[in-house]
Amino acid sequence: MASKRDEILQQLTAKVVTYIDTPKEQRKQNRIAEKLYREHWSSRWFGLLPASLRILFTNRKK
Numbered sequence: 000m001a002s003k004r005d006e007i008l009q010q011l012t013a014k015v016v017t018y019i020d021t022p023k024e025q026r027k028q029n030r031i032a033e034k035l036y037r038e039h040w041s042s043r044w045f046g047l048l049p050a051s052l053r054i055l056f057t058n059r060k061k
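By numbering that gives the first Met the number 0, the letter at position 35 of the sequence shown is numbered 34, and the numbering carries on one by one without gaps.
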């Protein structure tokens, strides 16, 4: 149990150190880039179901 705790603590401290070492501007640019490439929340939560329903209902209107 203690070894797992030590591993988790070591990983956490490594992430904190890398976060602190990166400049503020680069962190901001990374956040903006992640937001640009993130998929839409509906497909992220429900997969292809919203897209398939959208296609189904738009084809029925025609």
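C-beta: ideal position from N, C-alpha, C; glycine also.
Tell me whether the beta-carbon of residue 42 lies closer than 8 angstroms to the beta-carbon of residue 32.
Residue numbering aside, residue 42 sits at position 43 when the sequence shown is read from its first letter. Residue numbering aside, residue 32 sits at position 33 when the sequence shown is read from its first letter. It is not a contact, given that the beta carbons lie outside the stated cut-off.
If we ignore side chains and look at the alpha-carbon of each, how far apart do residue 20 and residue 34 end up?
The count along the sequence shown starts at 1 and reaches residue 20 at position 21. The count along the sequence shown starts at 1 and reaches residue 34 at position 35. Looking at the two C-alpha atoms, the distance is approximately 22 angstroms.
Residues of its chain near residue 4, where Cβ-Cβ distance is below 6 angstroms and the 5 sequence neighbours each way are ignored:
Locating residue 4 in the sequence shown gives position 5, counting from the first residue. Contacts found: none.
For residue 33, the three-state DSSP class (helix, strand or coil):
For this step, residue 33 is matched to residue 34 along the sequence shown. Of the three classes helix, strand and coil, the one that applies to residue 33 here is helix, per DSSP.
Residue 24 in three-state terms, based on DSSP:
Looking up residue 24 in the sequence shown gives position 25. Helix, per DSSP.
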